[in-house]
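*Asks:* Residue numbers (UniProt numbering): 1 to 515. Note that CB positions come from ideal geometry on N, CA and C, so glycine has one too.
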Amino acid sequence: MIKRDGALPSLWQQTVNPLDISNTAPDTKYDVIIVGAGITGISLAHRLQSAGLQCLVLEAHSCCFGTTGGTTAHLNTLLDTPYTTIIKNFGEENAKLVAQGVKEAVHNIEKNIEKYQIACGFERTAAYLFAQDDDQQKELQDIVESCEKVSVPVHYTNTIPVNIPFIKAIEIPSQAKFSPVKYVYELAKAFIDAGGQLIEQTAVVTHAHRTDEVTSEEIIEVQTDTDLTYVTNALVYATHIPPGVNVLHLRCAPYRSYAMAVKLPLDNYPAELCYDMVDPYHYYRTQVIDGEPYFIAGGEDHKTGHEENTTACFNRLEAHVRKYFNVESITHKWSSQYYEPADGLPYIGELPGARPNVFVATGYGGNGMVYSQVATILLSDLILTGASAYKDVFDPNRVKPVAGFANFIKENADVVKNLVSGLVTRDQLESLSDLAHGDGKVVVFDKHKIALYKDPEGNLHVLNPTCTHLKCGVTWNAAELSWDCPCHGARYSIDGDVLNGPANMDLKKIDLKED
Ligand code: FES
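1. Taking only runs that begin and end inside the stretch 228 to 276, name each unbroken beta strand (DSSP E) of 3 or more residues, in chain order.
2. Using DSSP with H/G/I as helix, E/B as strand and the rest coil, what is residue 54?
3. Identify, in the order they occur along the chain, each residue of the same chain with its Cβ nearer than 7 Å to the Cβ of residue 267, setting aside the five sequence neighbours on each side.
4. Does any heavy atom of ligand 1 sit closer than 8 Å to the C-beta of residue 536?
5. Is residue 130 close to chain B, meaning its C-beta is less than 9 Å from at least one C-beta of that chain?
6. For residue 474, verify whether its CB is less than 8 Å away from any heavy atom of ligand 1.
7. Which stretch, first to last residue, makes up the alpha helix (DSSP H) that contains residue 62?
8. Residues in its own chain within less than 6 Å of residue 477 by CB, not counting five upstream and five downstream?
9. Looking only at its chain, what residues have a beta carbon closer than 6 Å to the beta carbon of residue 506, apart from the 5 residues adjacent to it on each side?
10. By DSSP, does residue 500 sit in helix, in strand, or in coil?
11. Flag residue 240 as yes when its Cβ comes closer than 8 Å to any non-hydrogen atom of ligand 1, and as no otherwise.
12. Rounded to whole angstroms, what is the Cα-Cα separation between residue 127 and residue 288?
13. If you draw a straight line from the C-alpha of residue 8 to the C-alpha of residue 72, how long is it?
14. According to DSSP, residue 477 sits in a beta bridge with which residue or residues?
15. Classify residue 181 as helix, strand or coil using the three-state DSSP reduction.
16. Which class does residue 431 belong to by DSSP, given the choice of helix, strand or coil?
17. Could you pull the start and end residues of the alpha helix (DSSP H) that residue 107 belongs to?
18. Heavy atom of ligand 1 less than 8 Å from the Cβ of residue 503, yes or no?
19. In chain order, what residues of the same chain lie with their CB nearer than 6 Å to the CB of residue 468, ignoring the 5 residues before and after it?
20. Tell me, to the nearest whole angstrom, how far the beta carbon of residue 243 is from that of residue 68; I am working on the premise that it is less than 8 Å.
21. If you pair each beta-carbon of the stretch 226 to 243 with each one of the stretch 30 to 37, do three or more pairs fall below 8 Å?
22. Could you check which residue in 83, 61, 208, 129 has the C-alpha nearest to that of residue 516?
23. Using only CA atoms, which one of 83, 75, 221 lies nearest to residue 548?
24. Please state whether DSSP places residue 314 in a helix, a strand or coil.
25. Any chance the stretch 93 to 101 sits against the stretch 166 to 174, with 3 or more Cβ pairs inside 8 Å?
26. Given this structure, state the Cα-to-Cα distance separating residue 210 from residue 356, to the nearest angstrom.
27. Just the Cα atoms here: how many angstroms apart are residue 163 and residue 438?
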């Protein structure tokens, strides 16, 4: 089974075998280096390589380790940010562009599947959105009116494919669903077959511009944690959130979402996509994998690091699913991360504050699958031609430097005092923490905070809970066995290894004083 950034296996992880790659790349100058081998990184690399550029993808873990391995993969043109809001924030013409972009996005995936005959369960199907009270009905009416303005076809319907009470519903035809990891792995193989290079287990630590001694052109040197350095003309951070310190970290809020795959009686699986309108909303769909249908339900979203008991989120989701569906068994439960953009649209284009030819794609909200393809189309056009019809509406530089940005960093730096190793013994910690096997928590010892996890065998894993990004204090995620940062969503394993950015340094391990 391929790995993911959480302890709970998603439905998709068993659907592929690890990629058979040499994990080395020629020491040559690349046209484009892409950081991150999720759906954005692989789709963009494939498109640029197919257009004749020489690309290298550098992945800190393995392909689809991040959110692509945990998405529920709804391909919908009815976005989480309603067109009502997009029109209000960006104007009608820009909202039309967004609608056109996400339509093109689904088509882009469909084209690749046809071209490479990828057996990933892709299916065009309708989606349904339903209101259950008067406020939701009013909101639904606004959504219909805004969809009409931006030419997204929707119509009212009297039936929905799930047995949940509703008072008003709409149908959105020709949406889609697929098995995301299967798709990305096959596309990665097509990229490699076309001469592209992919290296896993190699994190990018930093990049710097310099002048090429031969051509006198400005090039970018990319430093990795394996001490290898690569040189490129253009660099793309397809890492879900860019690493380092960037104004985008103030404009993208990290959220966790919960999903489960369940078995239902054979004639109970809805063929279509379905969404309620509660906040946070629930989402439902079916995916057939190797002839077996799975009903996938999700919801219970919350800000990363802001929920004390993440296991309770699964309990609430399970109670909700059991209330409306005849559940025979639950086969998978998992959670995943996404970044909500401040003004409702993703940030795709030149990385704010960086020198030229460094690009980013982030802030997809709950629409990562379609926006990954908008990013692919937009960034490949920018890199190949310097222009894109979508450039302005998704421009990350629409975010102006925020007053007090420097103070923000300082304030966070004061949150947790660093612990000097060796102040405390294992016995002291045991008595202080009263931890059950398999549990974790942050404890205070002599005014110092310590992150503790006791594994099922009773061994203590002891860390400094200061996030290495901007020094907020991490919190325990009991469901995924990870330490999560509530500020910008960095996550760490029980031994402090970075699971996802923006941090690029591990949490510090604490050596205990001998008893
Ligand atoms: Fe930024 Fe932790 S302080 S992710």
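*Replies:* Well, looking at it:
1. Fully enclosed beta strand (DSSP E) runs of 3 or longer: 229 to 237, 252 to 263, 273 to 275.
2. The residue given as residue 54 occupies position 54 in the sequence shown. Looking at residue 54 - three-state DSSP - the assignment turns out to be coil, as it is neither helix nor strand.
3. Residue 267 sits at position 267 when you count from the first residue of the sequence shown. If we look at residue 267 and ignore the five residues flanking it on each side, it has no Cβ neighbours.
4. A query on residue 536 cannot be resolved here, the shown segment of the chain reaching from 1 to 515 and no further.
5. The question asks about chain B, but that chain is absent: this structure has only one protein chain.
6. Taking the sequence shown and counting its residues from 1, one reaches residue 474 at position 474. Yes.
7. Here residue 62 refers to the residue found at position 62 of the sequence shown. Residue 62 -> no alpha helix (DSSP H), and no H or E assigned at all.
8. In the sequence shown, the residue the question calls residue 477 occupies position 477. Sequence-distant Cβ neighbours of residue 477 in its own chain, meaning closer than 6 Å and more than five residues away, are 310, 484.
9. Here residue 506 refers to the residue found at position 506 when the sequence shown is read from its first residue. The answer, listed in chain order, is 496, 497, 498.
10. Position 500 of the sequence shown, counted from the first residue, corresponds to residue 500. Correct three-state label for residue 500: strand.
11. Mapped onto the sequence shown, residue 240 falls at position 240. No - ligand 1 has no heavy atom lying nearer than 8 Å to the Cβ of residue 240.
12. On the sequence shown, residue 127 is found 127 positions in, with the first residue counted as 1. On the sequence shown, residue 288 is found 288 positions in, with the first residue counted as 1. Taking the straight line from one Cα to the other gives about 17 Å.
13. As a working note, residue 8 is residue 8 in the sequence shown. As a working note, residue 72 is residue 72 in the sequence shown. Cα to Cα, the separation comes out at about 14 Å.
14. Residue 477 sits at position 477 when you count from the first residue of the sequence shown. Under DSSP, residue 477 takes part in a beta bridge, and its partners are 482.
15. Taking the sequence shown and counting its residues from 1, the one referred to as residue 181 is at position 181. Helix.
16. Along the sequence shown, read from residue 1 onward, the residue named residue 431 stands at position 431. Collapsing the DSSP output to three states places residue 431 in a helix.
17. Position 107 of the sequence shown, counted from the first residue, corresponds to residue 107. Its alpha helix (DSSP H) spans residues 92 to 116.
18. One-based indexing of the sequence shown puts residue 503 at position 503. Residue 503: yes, Cβ under 8 Å from ligand 1.
19. To locate residue 468, count along the sequence shown from 1; it is residue 468. Contacts found: 503, 505.
20. In the sequence shown, the residue the question calls residue 243 occupies position 243. In the sequence shown, the residue the question calls residue 68 occupies position 68. About 18 Å; that fails the 8 Å criterion.
21. yes
22. Since the displayed the chain opens at 1 and closes at 515, residue 516 lies outside it and no answer follows.
23. Because the chain here runs from 1 to 515, residue 548 falls outside it and cannot be looked at.
24. For the purposes of this step, residue 314 is identified with residue 314 of the sequence shown, where counting begins at 1. Three-state DSSP puts residue 314 in a helix.
25. no
26. Position 210 of the sequence shown, counted from the first residue, corresponds to residue 210. Position 356 of the sequence shown, counted from the first residue, corresponds to residue 356. Each residue's Cα considered, the two are about 12 Å apart.
27. Within the sequence shown, the letter at position 163 stands for residue 163. Within the sequence shown, the letter at position 438 stands for residue 438. Going from the Cα of residue 163 to the Cα of residue 438 covers about 38 Å.
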